[in-house]
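Start counting the sequence shown at 49; every next residue gets the next number (our numbering). Don't be surprised by glycine CBs; every beta carbon is placed ideally from N, CA and C. Owing to the predicted nature of the structure, the values given are computational and were not obtained by experimental measurement.
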Amino acid sequence: MFDYIYEWIQNLAFYLVIVTAVLQIIPGKGYKKYVQFFSGMVMILLMLTPILKLTGIETRFYDLYHSQEYEMERKEIEKQKSYFEDLDILDFLPEEYGQEEQKAEGDKNGIEVEEIQVGE
Numbered sequence: 049m050f051d052y053i054y055e056w057i058q059n060l061a062f063y064l065v066i067v068t069a070v071l072q073i074i075p076g077k078g079y080k081k082y083v084q085f086f087s088g089m090v091m092i093l094l095m096l097t098p099i100l101k102l103t104g105i106e107t108r109f110y111d112l113y114h115s116q117e118y119e120m121e122r123k124e125i126e127k128q129k130s131y132f133e134d135l136d137i138l139d140f141l142p143e144e145y146g147q148e149e150q151k152a153e154g155d156k157n158g159i160e161v162e163e164i165q166v167g168e
């Protein structure tokens with residue numbers, strides 16, 4: 049029992065040292081509030097660990113995380129993610145789409161470009 053409490057306090061101390069170091073490394077104050085928010089949430093979870101272990105909720109979370117339904121949903125999400133990463137919007141548009149639009153713009157104004165020169 050005392051070993052568990054000692055380990056818990058040691059984990060809290062280690063976490064606080066790491067968070068303090070990360071907060072000192074972050075330049076500016078733009079991201080500091082987000083890091084503090086996230087580290088605060090993790091700190092709450094670390095503080096609740098003994099209570100969750102005593103009530104047995106920790107094993108329920110573990111069982112839920114490793115359940116078959118969760119694994120199936122995770123695989124489905126990964127499959128959809130890879131599908132959407134492979135998609136390209138240009139695959140759905142005809143090749144002439146961009147060219148026709150440019151020609152129509154020039155025809156409307158009666159302007160024809162002969163030469164473009166950039167720089168000197």
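Inter-residue distance for V83 and L93 is about 15 Å (C-alpha atoms, whole angstroms).
Boundaries of the alpha helix (DSSP H) around I66: 50-73. Straight-line spacing of the CA atoms in T97 and E106 works out to 8 Å. Just so you know, the alpha carbons of Y52 and E133 end up roughly 45 Å apart.
If the five residues before and after V65 are omitted, its C-beta is found closer than 7 Å to no C-beta atom of its own chain. Assignment of L100 by DSSP, reduced to helix, strand and coil, places it in the helix class.
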